[in-house]
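Protein sequences appear in the order of chains A and B. Taking this note's numbering, the leading residue of the first sequence gets 1, the next gets one more, and so forth. Taking this note's numbering, the leading residue of the second sequence gets 1, the next gets one more, and so forth. Ideal Cβ placement from N, Cα and C applies to all residues, glycine included. Please read these numbers as outputs of a predicted model, since none were measured by experiment.
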Amino acid sequence: MRLSLGCSSLLLQFALLLVPTASIASGYVTGKVIDSKSKAPLPGANVQIMGTVRGASTDRNGNFTIEKVPPGTYSIRASMIGYRSVTLKNILVRDKQETKVFFELRETPIEFDPIVVLAGKTKQRLDQAAVSISVVSAKEIKRRNPTNLIEALETVPGINFIGNQINIRGSTGYTYGAGNKVLLLLDGVPVYASDTGEFNWDMLPPLDIKRIEVLKGAGSTLWGASALGGVVNVITKSPSPEGKLLFSCTAGKYDKPYYDEWRWTDPNRLHYVRTDISYSKQFGRLGMRISAGRFMSTGYTQLGDFKKYNLTGKFDYRFPDNIKWTGYAAYSFIYRGFFIQWKGQNDPYEVDEANLDNYAKTNQLSVYSKLAIPVSSRFAINVRASFVRTLMGNQFGEAAGFNPALGQGMEFQVDWLPHSGHTVTIGMQYQHDAGSTKYFGDHRGFFIGPYLQDEWKIRENLRVTAGFRYDRYQLIGGPKEDLFSPRIGINWQPWSTTSLRASAGSGFRAATIVERYLELAIMNFKIKANPGLKAESSWAYDLGFRHYVTENWNVDVSLFDNEYWELIEAHLDLIRGQIQFRNIPRARIRGIEATTNISMPIRILGLNMIPSLQASVTAMDHKDLKWNEPLTYRPKLLATIKALFRIGSAQIEVDYRYASKIDKVKIYPINDRVPMKFLDVRASYDFWHLTVQLGVNNLLQYNYAPMESNLMPMRTFTVGLQGEF
Amino acid sequence: MNCLGKRMTKTKIILFLLVTVVIGAWLECNIDHGIAPLPGKLGVDVIFINSRIPENTEGIYLFVAPKFPPHAINELYLSPNSLPFWQIDRSAGEFARDTIYTEIALPFGHYEAIGLWWYNTETESNLADVFTLKIAPNFLPASIDITPEEPYVRTELWANLTRVERDAFIEGTIHFDGPFPPNTLATAIGAYFRKPQKDVEYLIYLLSMDFSINENPYHYKLPVPSRYGAIEYLAVFWLSERSGLDDFRTIGFYEDPENPGQPGKIKIVPNGTVKGYDIYAHWP
Chain A
1 MRLSLGCSSL
11 LLQFALLLVP
21 TASIASGYVT
31 GKVIDSKSKA
41 PLPGANVQIM
51 GTVRGASTDR
61 NGNFTIEKVP
71 PGTYSIRASM
81 IGYRSVTLKN
91 ILVRDKQETK
101 VFFELRETPI
111 EFDPIVVLAG
121 KTKQRLDQAA
131 VSISVVSAKE
141 IKRRNPTNLI
151 EALETVPGIN
161 FIGNQINIRG
171 STGYTYGAGN
181 KVLLLLDGVP
191 VYASDTGEFN
201 WDMLPPLDIK
211 RIEVLKGAGS
221 TLWGASALGG
231 VVNVITKSPS
241 PEGKLLFSCT
251 AGKYDKPYYD
261 EWRWTDPNRL
271 HYVRTDISYS
281 KQFGRLGMRI
291 SAGRFMSTGY
301 TQLGDFKKYN
311 LTGKFDYRFP
321 DNIKWTGYAA
331 YSFIYRGFFI
341 QWKGQNDPYE
351 VDEANLDNYA
361 KTNQLSVYSK
371 LAIPVSSRFA
381 INVRASFVRT
391 LMGNQFGEAA
401 GFNPALGQGM
411 EFQVDWLPHS
421 GHTVTIGMQY
431 QHDAGSTKYF
441 GDHRGFFIGP
451 YLQDEWKIRE
461 NLRVTAGFRY
471 DRYQLIGGPK
481 EDLFSPRIGI
491 NWQPWSTTSL
501 RASAGSGFRA
511 ATIVERYLEL
521 AIMNFKIKAN
531 PGLKAESSWA
541 YDLGFRHYVT
551 ENWNVDVSLF
561 DNEYWELIEA
571 HLDLIRGQIQ
581 FRNIPRARIR
591 GIEATTNISM
601 PIRILGLNMI
611 PSLQASVTAM
621 DHKDLKWNEP
631 LTYRPKLLAT
641 IKALFRIGSA
651 QIEVDYRYAS
661 KIDKVKIYPI
671 NDRVPMKFLD
681 VRASYDFWHL
691 TVQLGVNNLL
701 QYNYAPMESN
711 LMPMRTFTVG
721 LQGEF
Chain B
1 MNCLGKRMTK
11 TKIILFLLVT
21 VVIGAWLECN
31 IDHGIAPLPG
41 KLGVDVIFIN
51 SRIPENTEGI
61 YLFVAPKFPP
71 HAINELYLSP
81 NSLPFWQIDR
91 SAGEFARDTI
101 YTEIALPFGH
111 YEAIGLWWYN
121 TETESNLADV
131 FTLKIAPNFL
141 PASIDITPEE
151 PYVRTELWAN
161 LTRVERDAFI
171 EGTIHFDGPF
181 PPNTLATAIG
191 AYFRKPQKDV
201 EYLIYLLSMD
211 FSINENPYHY
221 KLPVPSRYGA
231 IEYLAVFWLS
241 ERSGLDDFRT
251 IGFYEDPENP
261 GQPGKIKIVP
271 NGTVKGYDIY
281 AHWP
């Protein structure tokens with residue numbers, strides 16, 4: 001009898017539950033975490049015993065218990081999103097005795113140094129990481145009121161989107177949806193369609209997101225395939241200790257086109273509505289969060305209409321001895337039109353009549369199961385299994401021809417703290433991808449890769465990280481490749497207000513099934529297969545510093561140099577009108593990124609006011625080194641300004657996003673190209689358990705096409721209502 | 001100390017307002033609305049001089065070339081839709097004329113050529129499917145200018161689709177003097193009703209082209225329109241990586257057996273296939 005990879009992994013997780021955890025001399029730590037101002041308990045705060053794998057979250061009353069702590073003296077840290085972390089030092093834990101600690105956390109207007117997991121697969125303070133990372137908090141997501149993950153990410157420094165494809169410091173460019181050079185993780189588990197490598201940015205409702213971490217630069221040493229230009233980790237909220245109902249309703253009304261001659265329908269009918277509801281509760285040892293959402297839009301163009309539904313469930317179960325199982329399932333159904341290109345620059349919201357039936361429906365199911373076993377205070381085992389099933393149908397009038405694309409993954413990871421100062425992460429990852437349609441046949445491939453990383457705290461203010469990974473990629477019945485991904489990094493904090501970081505890390509990505517085998521005719525272009533595509537690889541060098549000018553003002557500057565080998569890009573054969581994915585032997589993207597966050601809480605006429613500002617600039621030089629010319633679909637300058645003014649329960653936010661004109665495109669170089677200049681304005685008011693929001697996106701009615709013949713939305717008026725009960 | 005604190009607070013507020021005003025002013029001064037409709041327009045009366053529309057016609061598009069010959073096919077402005085060729089009464093008799101008016105939006109500028117491009121339902125389209133060009137009295141493509149003073153220009157094109165009615169075939173083998181160079185983008189065979197003398201004539205006299213040559217030796221079967229009676233020049237071209245449509249290099253041609261070194265003339269007959277027209281090509 002053959003067992004699928006998912007079943008095997010679940011059996012392994014079950015077997016590991018039987019592993020006895022160490023029973024040596026130990027005490028336990030209990031305590032409470034409260035808000036320093038209101039003195040109210042803080043449920044969901046994280047408490048971690050530093051130098052061990054022991055930690056806990058607070059319950060609805062802000063209380064926590066950490067069991068099986070070996071006797072000794074520890075530093076214990078409490079952290080929570082929106083609050084400044086507090087570390088209590090020299091806490092003595094005695095054998096068989098309770099040690100009580102008490103934390104008062106102070107609310108911060110800006111999330112300065114949150115805890116992240118992207119840097120080392122273990123929890124770490126952002127300012128202690130050796131690599132460049134940005135974080136989007138739940139608070140920020142709530143303020144932006146996004147309708148999907150793209151809107152939650154588009155103001156992150158160094159990120160821009162070309163169509164649905166994410167670019168971190170210019171990593172991806174635009175590859176017509178096939179093959180992202182960024183890895184998307186859901187709670188640390190890869191979630192990409194196994195045939196195209198595409199992300200489903202609608203897979204979960206924004207109100208389920210706890211935070212999003214973005215690693216800039218290659219990250220394959222720990223995260224494996226596809227982490228060529230960066231990693232995005234979407235961390236979902238855990239079940240709430242107390243029953244919590246969240247809902248969000250957002251509606252948008254598209255304004256009429258800026259130019260009357262661009263009108264193609266009655267503009268009053270163009271709108272969208274997104275509704276989500278989520279409920280979570282802890283029932284003893286079992287926690288659950290269930291969410292459902294519906295997103296409907298008429299679109300602002302012909303074929304821009306869609307209906308999207310999603311259903312997600314997150315469950316966890318806490319076994320004795322702090323063993324925790326987490327399961328997550330996200331199902332989404334999407335029915336949408338495919339706007340490939342405009343009819344003409346004078347009819348930019350219309351398509352050629354011959355393409356009006358370009359509709360497709362997509363079903364996607366993403367599931368993962370994780371088991372975390374803290375065997376002792378210095379040794380923990382984590383096992384993950386994942387499954388992503390994507391089924392697309394009815395594309396371009398075809399009634400059949402697609403079969404489900406199946407991605408199955410499994411990972412075994414050990415966190416080991418052999419002695420003070422070292423955090424060793426050892427693991428093995430396996431990923432199997434399969435896809436089959438009449439457009440590219442039936443193909444399967446797999447990766448298997450062991451990895452090892454050690455973070456060594458040489459001194460309290462000096463950390464060195466070194467790691468290595470080997471991957472074997474085998475396309476069944478096709479080529480195989482061996483890939484090595486080393487990494488080294490250093491973080492030094494010469495003063496408590498300053499940290500310096502330097503890292504060199506490598507990444508790789510094998511061509512997706514679509515990039516290798518797709519044969520399809522779209523309008524006047526023919527996509528040709530290229531079975532001989534090699535895996536692309538990169539080395540990312542990053543040198544940065546972070547400095548606190550004052551308690552509420554920080555500056556982060558990073559110099560980066562990303563070197564690429566065999567970069568996979570869509571190649572347009574201008575003679576025959578053919579598109580084929582090909583390797584660019586050498587490419588380079590290097591530049592500088594500077595970000596500053598400033599917040600100035602003030603009190604005028606008895607009102608608390610918090611003006612804050614985040615500004616970032618990313619300047620890049622990108623080059624195809626074979627032909628010594630710019631890479632396609634990449635701007636050279638990105639800038640964002642986010643200004644926020646909070647008065648009591650009301651707040652006004654202004655976002656400005658700029659991207660310089662793209663130097664080079666592939667399909668229509670004669671089309672007008674302009675820089676991106678988007679200004680969004682929002683106002684919101686919190687009362688009772690509700691937040692009401694009003695906003696205008698693209699206030700200046702700026703018409704921008706990130707890729708040829710595709711205009712971004714015109715001015716859009718938005719209204720939102722969010723509730724938390 | 002309190003007084004100093006208040007002063008600091010005021011300074012912060014003023015600083016914040018100042019920054020906001022400066023950003024607002026900067027934005028206001030730089031307001032533009034990005035991409036705008038194209039200001040110029042070319043109107044074309046396409047006069048079909050007969051009603052013979054090939055059955056395998058997928059579309060007929062008007063194109064305008066800022067540069068001719070273009071470097072690449074994506075440097076042409078193409079009409080967003082096909083001309084409604086299905087409106088032409090095919091039963092009206094071979095010599096019945098019909099006119100279709102079409103327009104294309106353009107930026108202001110100088111355009112070196114206007115023409116019609118035929119797309120068929122069976123094979124990939126290529127340069128040989130340019131079946132009509134507006135020709136000036138000097139027999140070269142006629143140019144036009146779209147300017148702010150004259151944003152709308154109207155002209156006419158005479159269309160005859162019998163040029164793409166490729167009912168006859170030439171068959172033969174191409175022998176190369178070595179393996180394909182690694183920097184090969186494409187190798188093609190083209191048939192001309194007259195031997196081209198200058199660059200632009202390589203497009204004007206072209207009747208058929210096939211880019212699928214990929215092995216040595218290569219057996220070809222090239223469809224050609226029989227109405228020309230003969231092909232005066234049958235040549236093999238090579239394009240290196242990143243070269244454009246204006247960079248074709250002739251690497252061989254069918255030679256007159258009676259007069260080696262000179263192009264041979266190939267007689268063709270309606271619906272017939274002529275065989276044995278071998279070509280020896282030499283890589284550059």
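Burial state of residue i, where buried means 16 or more other Cβ atoms lie within 10 Å
{"i": "A/V156", "result": "buried"}
{"i": "A/H443", "result": "buried"}
{"i": "A/H622", "result": "buried"}
{"i": "B/D177", "result": "exposed"}
{"i": "A/G224", "result": "buried"}
{"i": "B/D89", "result": "exposed"}
{"i": "A/Y83", "result": "buried"}
{"i": "A/R516", "result": "buried"}
{"i": "B/E149", "result": "exposed"}
{"i": "A/R269", "result": "exposed"}
{"i": "A/L605", "result": "exposed"}
Element boundaries [beta strand (DSSP E), containing residue i]
{"i": "B/T187", "result": "T184 to Y192"}
{"i": "A/E104", "result": "E98 to E107"}
{"i": "A/A504", "result": "T498 to R509"}
{"i": "A/A329", "result": "K324 to G337"}
{"i": "A/T615", "result": "Correcting the residue identity first, residue 615 of chain A is Ala in this sequence and not Thr. Where A/A615 is concerned, the enclosing beta strand (DSSP E) stretches over L607 to D624."}
{"i": "B/Q197", "result": "Run containing B/Q197: none; DSSP gives neither H nor E here."}
{"i": "A/L700", "result": "Counting along the chain, A/L700 falls outside any beta strand (DSSP E), and DSSP gives it neither H nor E."}
8 Å CB neighbourhood of residue i in its chain, flanking five on each side removed
{"i": "B/S208", "result": "A128, R166, G190, A191, L222, P223, V224 and P225"}
{"i": "A/I133", "result": "V116, L118, A119, L126, E213, V214, L215 and K216"}
{"i": "A/W262", "result": "N346, D347, P348 and Y349"}
Contacts around residue i, its chain only, beta-carbon distance under 6 Å, and the 5 residues preceding and following it disregarded
{"i": "A/G313", "result": "I290 and A329"}
{"i": "B/P196", "result": "Y202 and Y205"}
{"i": "A/D276", "result": "P205, L207, S248 and G293"}
{"i": "A/Q578", "result": "K526 and K528"}
{"i": "A/V617", "result": "A594 and A639"}
{"i": "A/T691", "result": "S684 and Q722"}
{"i": "A/L311", "result": "A292 and Y331"}
{"i": "B/T132", "result": "G115, L116, L157 and A159"}
Range of the contiguous alpha helix (DSSP H) that encloses residue i
{"i": "A/W223", "result": "S220 to W223"}
{"i": "B/Y202", "result": "E201 to I204"}
{"i": "A/K139", "result": "A138 to R144"}
{"i": "B/A142", "result": "Note, B/A142: premise wrong, no alpha helix (DSSP H); not H, not E."}
{"i": "A/A56", "result": "That residue, A/A56, is in no alpha helix (DSSP H); its beta strand (DSSP E) goes G55 to S57."}
{"i": "A/A152", "result": "L149 to L153"}
Cutoff 7 Å; reference residue i; Cβ partners in own chain excluding five residues on either side
{"i": "B/F248", "result": "Y202, F237 and L239"}
{"i": "A/P146", "result": "A152 and P206"}
{"i": "A/S649", "result": "Y685, D686 and F687"}
Opposing strand residues paired with residue i [DSSP bridges]
{"i": "A/V514", "result": "Note: A/V514 sits in no beta bridge, so no partner."}
{"i": "A/N562", "result": "A/A540 and A/I589"}
{"i": "A/N583", "result": "A/I568"}
{"i": "B/H175", "result": "B/Y280"}
{"i": "A/A360", "result": "A/R336"}
field: Runs of alpha helix (DSSP H) wholly within the stretch 33-118 of chain B (minimum 4 residues, chain order)
entry: Counting only runs that start and end inside the stretch 33-118 of chain B, there is no alpha helix (DSSP H) element of at least 4 residues.
- prompt: Which runs of the beta strand (DSSP E), 3 residues or longer, sit entirely within the stretch 204-265 of chain A?
  reply: 209-216, 230-236 and 244-254
field: 3 or more residues per run - each beta strand (DSSP E) lying fully within the stretch 229-269 of chain B
entry: Complete beta strand (DSSP E) runs here, min 3: 233-240, 249-253 and 259-263.
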